[in-house]
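The structure appears below as structure tokens.
If you want it as structure tokens, here you go:
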């Protein structure tokens, strides 16, 4: 039975409190301490019960209580202060406007998930939380940016552990009208919809909006009666279903997302693909230029790619989206036909080698081929990505593969504990919120007294223990455990014990059970009653990841055995709220993935800004952070072929650290009962890591190194079809004539002996066929050699065109002997054009033989 009409009933708030309802619809409150404090003060118990969701919180307050709050002058004054602060935030001058006052750039940031608040469950883990932090920092900095994603009816699954410790999943439906979202309405007052083309016909998607400070996140939802039951399922679950469902979701995100922006009057000059899920947007941009500007596919590809930015987050090739060619053809042949491409030409866009007709279609390859700039999410991940995708540039050294790196960060105001934030306000001034990149602004951390910082941290640990008791009580009760046994178990949680946290997605490469490899050594750590230790785990395994689920069950089973019972705990249903308590309340944050399989890892950053010390392998962000001398490192960054041996070596290294450094330092107290050595490390961690590992720095890097340079090139091509066509024709001409390029002769007269500082003239004679000297760039490629006579640390120096005679073209330069040792050199030729962003983008190169 269905109703004849849908009604959305709002709470009846007194006039003084009515603005709070509007404020609850802007997620700015999630990173404003005064708002959170004010809402907590209205009713702490209901605030906690509401899951820190202002809408649910306000709707849960009884009418009489609301009236009393409105009549309370103190509370009313706090509310007015919050509303005034929000108004000031909205109207304040921003970094972007200060630096680029005349820019009319518009960025669209596409992501399959966004983690902005636990009240908006459209995220699964780190990728989504990073995307949410990206939007928040973009708001703070005033970037002209909008987000684009999908609004999932069931979001990501809720985790529950059964009595055996096995993960089970449930998928409760989201009530969009009780979430901080609103429909995007047209001039007629009706919700805007967009028709997204699929092979079987159009799918209608409703457009919703989330306010994130100064910016907007637009979300698409196909659960509308105009769609078939099958099409309504496209936005049912995040990462749910088979590969067929995945490709349908990614068409909606990429193609539908771009169409949605256009339908509401937003034309992005730069599109940022956060992971490959949205890469179909690049094809839609090409199609649109072909249709609207009459460009050829090649010219439209050239013109659109300059406005695309791609960020890869996956350090293993198998972890990227690969689709069967027939599946791609079945869903995308209408778009392929509009692009004027054959089946193999289209599939080649998603293949490392377009001539490998047996290969699957990869979304990451598609994004790399159709983007002007690409990056990994840490320095090490950039190196791993260049190695992983070097097959797309087979004639270049992997170090030149055009994938850079911008190391992730976290949104500090979201993840810093309220009392730590207030400590920063008092000792650093509130400017730490806006000057996060300035290391000097963080030196005031060292002026905080050890007692004040330690007491604040002790309070955070107590809060964590209180939360864990509440959480575990409900968890164990739902498993049918007797109440007496539950309370006995919870009594073991110690607010004074050294507390280690391990919380993340449970995938096998993250090695959640590494700490349990030698139970005898681990048991010895728990045996010292004078130095109590406890470990709190949390995390979800993907529903189809049986090995990941087995890791969780193994931990639960071990936690029931002596001596680990009452010392090891697993909190189910890891989400942003659980994460907040853990990263703010633990003493140590443990991270031990199998190097180099952690692209970045941001949970350790969240812990660090709260003074929690990291113990981590040299992977992802920690390879950079450890250079700043904070926390501890497991191993020396070795890579192993034998995984069992690696686990043995690194588990022993972890036990050694805990036994000889971590635990002794924590319990080394002075006459006042203070662990001054530990507190010194806390201060060092905050003062050195906070200025760099934050999203203000990260988003500014994206703006200055990716968005703005792309926008500048976008402006060159926008509306100048002649320039685009000229570059396209030039590339076609160069490709067709490139086999004619030959290096005829290289001359260099090296003296014997060759000493440091010697400069040797060098010349190269080329045959270019139908190309001209202006069509090429000739380079001296020189550097140190290893024992296999391969280049290491190669330097590139251009050779200048000198003259042409009888079909030979002479290029000259100087070879400089800069240092002693074994060296070598060669010469290479690449295409050159003023409008090329990078000579490597053509993939053409000729090396001296």
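Residue numbers (my numbering): 18 to 866. For each residue, glycine too, the CB sits at the ideal point set by N, CA and C. The structure presented is a predicted model; accordingly, all values stated were derived computationally and were not measured.
Determine the DSSP secondary structure at residue 703, reduced to helix, strand or coil.
-> Here residue 703 sits in helix by DSSP.
Is the stretch 417-424 touching the stretch 704-720, taking contact as three or more C-beta pairs under 8 Å?
-> The stretch 417-424 makes contact with the stretch 704-720: 3 or more CB pairs, one atom from each, lie closer than 8 Å.
By DSSP, does residue 102 sit in helix, in strand, or in coil?
-> For residue 102, the three-state secondary structure derived from DSSP is helix.
If you follow the beta strand (DSSP E) that residue 776 is part of, which residue opens it and which one closes it?
-> It spans 776-784 - the beta strand (DSSP E) in which residue 776 sits, taken as one unbroken run.
Determine, using beta-carbon pairs with one atom in the stretch 312-319 and one in the stretch 731-747, whether at least three such pairs fall under 8 Å.
-> Touching, yes, given that three or more Cβ pairs across the two stretches are closer than 8 Å.
Taking only beta-carbon positions, decide if residue 637 is within less than 8 Å of chain C.
-> Although the question refers to chain C, the structure presented lacks it and comprises just one protein chain.
If residue 254 sits next to residue 191, beta carbons under 8 Å apart, how far is it from one beta carbon to the other, in whole angstroms?
-> Rounded to whole angstroms, the Cβ separation of residue 254 and residue 191 is 11 Å, and the two are not in contact under 8 Å.
Whole-Å CB distance - residue 34 paired with residue 87, under 8 Å assumed | The beta-carbon separation of residue 34 and residue 87, rounded to 6 Å, stays under the 8 Å limit for a contact.
Starting from the N-terminal side, write out each stretch of the beta strand (DSSP E) that is 3 residues or longer and does not extend beyond the stretch 449-520.
-> Here the runs fully enclosed are 515-520.
Would you mind reading off the limits of the alpha helix (DSSP H) that contains residue 30?
-> Residue 30 -> no alpha helix (DSSP H), and no H or E assigned at all.
In chain order, what residues of the same chain lie with their CB nearer than 7 Å to the CB of residue 135, ignoring the 5 residues before and after it?
-> Taken in chain order, the residues that qualify are 68, 69, 592, 593, 594.
Just how far apart, CA to CA, sit residue 865 and residue 799?
-> Here the alpha carbon of residue 865 sits roughly 13 Å from the alpha carbon of residue 799.
Cβ-based neighbour list, residue 147, same chain, cut-off 7 Å, excluding 5 preceding and 5 following = Correct list, in chain order: 425, 619.
DSSP beta-bridge partners of residue 186 | Per DSSP, 176.
Assuming residue 863 contacts residue 760 (C-beta within less than 8 Å), just tell me the rounded distance between them.
-> 7 Å between Cβ atoms; contact.
Inside the stretch 259-323 only - beta strand (DSSP E) runs reaching at least 3 residues | The qualifying runs are 287-291.
Own chain residues within Cβ distance below 7 Å of residue 521, not counting five before or after = Close CB contacts of residue 521 within its chain, under the 7 Å cut and outside five residues either way in sequence, are with 527, 556, 620 (chain order).
Could you round the C-beta distance between residue 257 and residue 165 to whole angstroms and report it? I think they count as a contact, below 8 Å.
-> The pair is not a contact, with the Cβ atoms about 20 Å apart (cut-off 8 Å).
Where do the N-terminal and C-terminal ends of the alpha helix (DSSP H) with residue 61 fall, by residue?
-> Looking at the DSSP string, the run of the alpha helix (DSSP H) that includes residue 61 is 61-66.
Would you kindly work out how many angstroms separate the C-alpha atoms of residue 60 and residue 627, rounded to a whole number?
-> Answer to the nearest angstrom: the Cα atoms are 26 Å apart.
With respect to the alpha helix (DSSP H) encompassing residue 732, which residues constitute its N-terminal and C-terminal limits?
-> Residue 732 -> alpha helix (DSSP H) spans 725-734.
Buried/exposed call for residue 428, threshold 16 Cβ in 10 Å = When all chains shown are included, residue 428 counts as buried.
What are the residues that DSSP puts in a beta bridge with residue 208?
-> For residue 208, the pairing in a beta bridge is given by DSSP as 202.
Using the beta-carbon count (16 or more within 10 Å), is residue 285 buried or exposed?
-> Using a 10 angstroms sphere on the CB of residue 285, the tally of other CB atoms reaches 16 or more, which defines it as buried.
Which same chain residues, not among the five before or five after residue 515, have their C-beta less than 8 Å away from its C-beta?
-> Hits under 8 Å: 548, 549, 550, 551, 604, 605, 679, 680, 683, 684.
Closest residue to residue 640 among 494, 782, 506, 394 (Cα-Cα distance) | Nearest option by C-alpha distance: 394.
The alpha helix (DSSP H) enclosing residue 228, as first and last residue numbers = Residue 228 -> not in any alpha helix (DSSP H); beta strand (DSSP E) instead, spanning 218-229.
With residue 798 as the anchor, note down where its alpha helix (DSSP H) starts and where it stops.
-> Note, residue 798: premise wrong, no alpha helix (DSSP H); beta strand (DSSP E) at 793-802.
For residue 45, I'd like the list of residues in its chain whose CB is within less than 7 Å of its CB, leaving aside the five on either flank, ordered along the chain.
-> Answer for residue 45: 103, 106, 230, listed in chain order.
Endpoints, beta strand (DSSP E) assigned at residue 763 | 759-765 is the span of the beta strand (DSSP E), which, as asked, contains residue 763.
Rounded separation between residue 325 and residue 276 - CA only = Residue 325 and residue 276: Cα-Cα distance of roughly 16 Å.
Around the Cβ of residue 173, are there at least 16 other Cβ atoms within 10 angstroms (buried) or fewer (exposed)?
-> It is buried - the Cβ of residue 173 has at least 16 other Cβ atoms within 10 Å.
First and last residue of the alpha helix (DSSP H) that includes residue 820?
-> Here residue 820 belongs to no alpha helix (DSSP H); instead the beta strand (DSSP E) covers 808-822.
Secondary structure at residue 237, three-state DSSP: helix, strand or coil?
-> DSSP, reduced to helix, strand and coil, places residue 237 within a strand of the structure shown.
Going straight from the alpha carbon of residue 209 to that of residue 215, what length do you get?
-> Roughly 19 Å between the two C-alpha positions.
Alpha carbon of residue 858 to alpha carbon of residue 299, nearest angstrom = A direct Cα-to-Cα measurement between residue 858 and residue 299 gives close to 17 Å.
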